[in-house]
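Student: Handing you a structure now.
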Amino acid sequence: MMSSEDVVKRILLFRPELSHKDVLKRIEEKKKGVEGYLTDETAARIVATELGVEVSSETWKAEILIKDVVSGLNDVTVTGRIIAVHSPQTFTRSDLTKGTVAHLLLADKTGTIGVVLWNDKTSLVETEELEQGQMIKVSHGYVRDGLDGNPELHVGLRGEIQVSPPNIDESDYPKIISSVEKIAEIREKTRASVFGIVQQVYPVSKFERSNGSEGKVMRLRLSDGTGQITAVFWNEKIDELGDVKSGDSLQVLNARVKKGIDKQLELHVGKSTQIEISCTAKKMKVADVREGGPITVEGVVATTPKTTQVTTARNEKVMVTSFDLKDDTEKIRVCVWRRLTEVAKNLMVGTHIRINNAYVKKGFAGQLELTSRAYTSIEILSERK
0 MMSSEDVVKR ILLFRPELSH KDVLKRIEEK KKGVEGYLTD ETAARIVATE LGVEVSSETW
60 KAEILIKDVV SGLNDVTVTG RIIAVHSPQT FTRSDLTKGT VAHLLLADKT GTIGVVLWND
120 KTSLVETEEL EQGQMIKVSH GYVRDGLDGN PELHVGLRGE IQVSPPNIDE SDYPKIISSV
180 EKIAEIREKT RASVFGIVQQ VYPVSKFERS NGSEGKVMRL RLSDGTGQIT AVFWNEKIDE
240 LGDVKSGDSL QVLNARVKKG IDKQLELHVG KSTQIEISCT AKKMKVADVR EGGPITVEGV
300 VATTPKTTQV TTARNEKVMV TSFDLKDDTE KIRVCVWRRL TEVAKNLMVG THIRINNAYV
360 KKGFAGQLEL TSRAYTSIEI LSERK
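At position 272 of the sequence shown (counting the first as 1) the number is 271 in numbering that gives the first Met the number 0, and the numbers step up by one without a gap.
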């Protein structure tokens with residue numbers, strides 16, 4: 000591995016106007032700027048990047064802690080637990096071509112960092128191969144400042160993500176709820192994570208704290224097809240909700256469960272809770288659907304759901320449930336994955352449902368089918384007659 004002194008020598012080779020003392024001073028200033036968390040080698044590499052000196056990445060693939068990640072680093076390896084997964088977004092480049100980007104929040108014992116997945120790497124989110132609670136190792140990443148000024152770890156063409164890396168002691172990493180739960184199965188306990196559709200939003204209320212400062216609280220009703228629950232949002236979490244409205248999809252991760260005044264269970268959303276909002280997708284008739292998405296489709300279950308186990312490209316065994324959905328225009332095949340199989344496999348023929356935030360792709364024999372992604376949900380509108 001290249002030492003800090005090797006990096007200094009390379010800097011002096013390409014920047015002869017600088018003295019050895021000048022370079023060492025820059026390295027020390029860089030270390031002080033992040034409270035001394037950087038190693039000499041890491042600080043030297045950052046200085047080299049700032050001076051426009053390329054340092055071979057083939058000899059430097061060291062794994063670092065999140066606290067040591069700073070903008071300018073290349074070929075970085077970080078291991079952590081996924082705290083939150085945000086659905087992919089499509090954007091248009093300056094040459095008018097399309098690209099996709101998705102975001103994760105990763106944590107280790109020293110802090111958290113945003114991870115940005117570009118283009119092909121976003122498929123790991125779309126197919127739900129990356130999920131909240133998993134341990135992952137990100138290799139060959141590069142670090143840049145995000146819009147909020149904090150460093151982000153980017154995973155591009157050269158980047159790699161390993162799920163459940165070997166020789167990792169998970170007890171060294173933050174513990175969070177590892178899966179989304181059905182609302183009907185939530186019990187009074189420490190924490191819970193749910194995904195559902197907003198049914199009703201109540202006005203914000205303000206109150207005075209014991210120290211005289213002002214606080215605020217807001218409630219909304221959340222449904223996932225198995226039941227409903229009140230989610231209580233406090234202070235800055237209300238601001239994160241923005242203009243949330245009925246019909247929006249909402250994921251709440253690591254919320255505190257407690258009984259309200261009416262003795263019913265509530266989800267309390269504070270600083271340690273992650274939330275993700277997905278606005279209501281365009282509602283379409285089956286006959287009008289085209290490849291892409293997200294879209295929302297309503298219809299009646301036309302065939303008995305069938306659940307099978309499949310093996311992904313990453314050699315992971317997952318469950319998928321398939322059935323036909325029919326509205327007043329046409330019929331379409333539906334394939335839902337992972338957590339949604341628990342809802343879909345119990346659907347009866349004739350049940351009226353709404354599928355929110357689904358995507359359309361070509362399936363068997365080139366026929367269009369609806370498929371689920373991380374923020375797809377199934378809402379039961381009425382049972383079969």
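Backbone N, C-alpha and C define an ideal beta-carbon position, used for all residues, glycine too.
Taking the alpha carbon of T76 as the reference point, which residue from K262, V142 and L252 has its own alpha carbon closest?
Tutor: The option with the nearest alpha carbon to T76 is V142.
Student: Quick one: complete alpha helix (DSSP H) runs, 4+ long, within the stretch 295-361?
Tutor: The stretch 295-361 contains these whole alpha helix (DSSP H) runs: 340-343.
Student: Specify the secondary structure class of N210 as computed by DSSP and reduced to three states.
Tutor: If DSSP states are grouped into helix, strand and coil, N210 belongs with coil.
Student: My understanding is that L17 touches L11, with C-beta atoms under 8 Å, so please give their C-beta distance in whole angstroms.
Tutor: Rounded, the Cβ-Cβ distance is 6 Å, consistent with contact.
Student: Output the boundary residues of the beta strand (DSSP E) element that contains S192.
Tutor: Element bounds for S192: R190 to V200.
Student: List the endpoints of the continuous alpha helix (DSSP H) containing K236.
Tutor: Where K236 is concerned, the enclosing alpha helix (DSSP H) stretches over E235 to L240.
Student: Kindly list the residues whose CB is nearer than 6 Å to the CB of G35, restricted to its own chain and excluding five residues on each side of it in sequence; keep chain order.
Tutor: Residue confidence is low: G35 scores 49 on pLDDT, short of 50, so the model does not pin down where it sits. No coordinate-derived value is stated.
Student: Nearest-angstrom Cα distance between K270 and E235?
Tutor: In a straight line, the C-alpha of K270 is about 8 Å away from that of E235.
Student: Does DSSP put L123 in a helix, a strand or coil?
Tutor: Of the three classes helix, strand and coil, the one that applies to L123 here is helix, per DSSP.
Student: Given this structure, state the Cα-to-Cα distance separating T375 from L105, to the nearest angstrom.
Tutor: Cα to Cα, T375 sits roughly 22 Å from L105.
Student: If I measure Cβ to Cβ from F194 and keep anything under 8 Å in the same chain, skipping five residues before and after, which residues do I get?
Tutor: Closer than 8 Å at Cβ, skipping near neighbours: V179, D223, S248, L249, Q250, V251, R338, Y374 and S376.
Student: Note down the Cα distance separating R80 from I112, rounded to an integer number of angstroms.
Tutor: The alpha-carbon atoms of R80 and I112 are separated by roughly 11 Å.
Student: Can you tell me whether R186 is helix, strand or coil according to DSSP?
Tutor: Note: R186 maps to coil in three-state DSSP.
Student: How close, in whole Å, do the beta carbons of V368 and V317 come, if the pair is a contact with beta carbons under 8 Å?
Tutor: Inspection of the sequence shows that residue 368 is occupied by Glu rather than by Val. About 17 Å; that fails the 8 Å criterion.
Student: Taking the alpha carbon of A183 as the point to measure from, which residue in G110, V342, Q366 and A254 has its own alpha carbon closest?
Tutor: Nearest of G110, V342, Q366 and A254 to A183, Cα basis: V342.
Student: What's the gap between the Cα of E297 and the Cα of N356?
Tutor: Between E297 and N356, the C-alpha separation is close to 12 Å.
Student: With a threshold of 16 other CB atoms inside 10 Å of the CB of I260, please say whether the residue is buried or exposed.
Tutor: Looking at its Cβ environment, which holds fewer than 16 other Cβ atoms inside 10 Å, I260 is exposed.
Student: Here's the rule: buried if 16 or more other CB atoms are within 10 angstroms of the residue's CB, otherwise exposed. What is E382?
Tutor: The residue in question, E382, is exposed, as its Cβ has fewer than 16 Cβ neighbours within 10 Å.
Student: Suppose the cutoff is 8 Å on Cβ atoms and the five residues either side in sequence are ignored; what does the same chain contact list for T91 look like?
Tutor: Same-chain partners within the cutoff: K97 and G98.
Student: Using 8 Å for Cβ pairs, my map puts K325 next to A286. What's the rounded Cβ distance?
Tutor: The pair is not a contact, with the Cβ atoms about 11 Å apart (cut-off 8 Å).
Student: Output the distance between the C-alpha atoms of L346 and R353, rounded to the nearest integer angstrom.
Tutor: Cα to Cα, L346 sits roughly 12 Å from R353.
Student: Can the beta-carbon of L72 be found closer than 8 Å to that of V84?
Tutor: The answer is no: Cβ separation not under 8 Å.
Student: When the Cβ atoms of the stretch 117-135 are set against those of the stretch 151-161, are three or more pairs found closer than 8 Å?
Tutor: Yes, the stretch 117-135 touches the stretch 151-161.
Student: Does the Cβ of K30 have 16 or more other Cβ atoms within 10 Å, making it buried, or fewer, making it exposed?
Tutor: Classification of K30: buried, given that the 10 Å Cβ count is 16 or more.
Student: Which partner residues of V256 appear in the DSSP bridge assignment?
Tutor: Paired residue(s): L266.
Student: Starting from K8 and walking both ways along the alpha helix (DSSP H), at which residues does that stretch end?
Tutor: Looking at the DSSP string, the run of the alpha helix (DSSP H) that includes K8 is S3 to F13.
Student: For E40, collect the residues of the same chain with a Cβ closer than 6 Å to its Cβ; drop the 5 residues on either side in sequence, then sort them by chain order.
Tutor: Closer than 6 Å at the Cβ level, and outside the excluded window around E40, lie S3.
Student: Please report how far the alpha carbon of I135 lies from the alpha carbon of T295, in whole angstroms.
Tutor: If you take the alpha carbons of I135 and T295, they lie about 32 Å apart.
Student: Whole-angstrom Cβ separation of R255 and R190, contact assumed at under 8 Å?
Tutor: Right, their Cβ atoms sit about 6 Å apart.
Student: Mapping DSSP to helix, strand and coil, what is S170?
Tutor: In this structure, S170 counts as helix in the three-state DSSP scheme.
Student: Please report the distance separating the alpha-carbon of R9 from that of L152.
Tutor: Cα to Cα, R9 sits roughly 26 Å from L152.
Student: Cβ of T320 within 8 Å of Cβ of T306?
Tutor: It is a contact, given that the beta carbons lie within the stated cut-off.
Student: Alpha carbon to alpha carbon, how far is I160 from P202? Give it in angstroms, no decimals.
Tutor: Distance between the alpha carbons of P202 and I160: 42 Å.
Student: In whole angstroms, what is the alpha-carbon distance linking E127 and R372?
Tutor: Rounded to whole angstroms, E127 to R372 spans 7 Å at the Cα level.
Student: Which term fits V388, buried or exposed, when burial requires 16 or more other beta carbons within 10 angstroms of its beta carbon?
Tutor: This structure cannot settle anything about residue 388, because the visible part of the chain is limited to 0 through 384.
Student: Roughly how far, in whole angstroms, is the beta-carbon of G110 from the beta-carbon of I65, given that I think they are within contact range, below 8 Å?
Tutor: Indeed, because the Cβ distance is near 5 Å, the residues count as touching under 8 Å.
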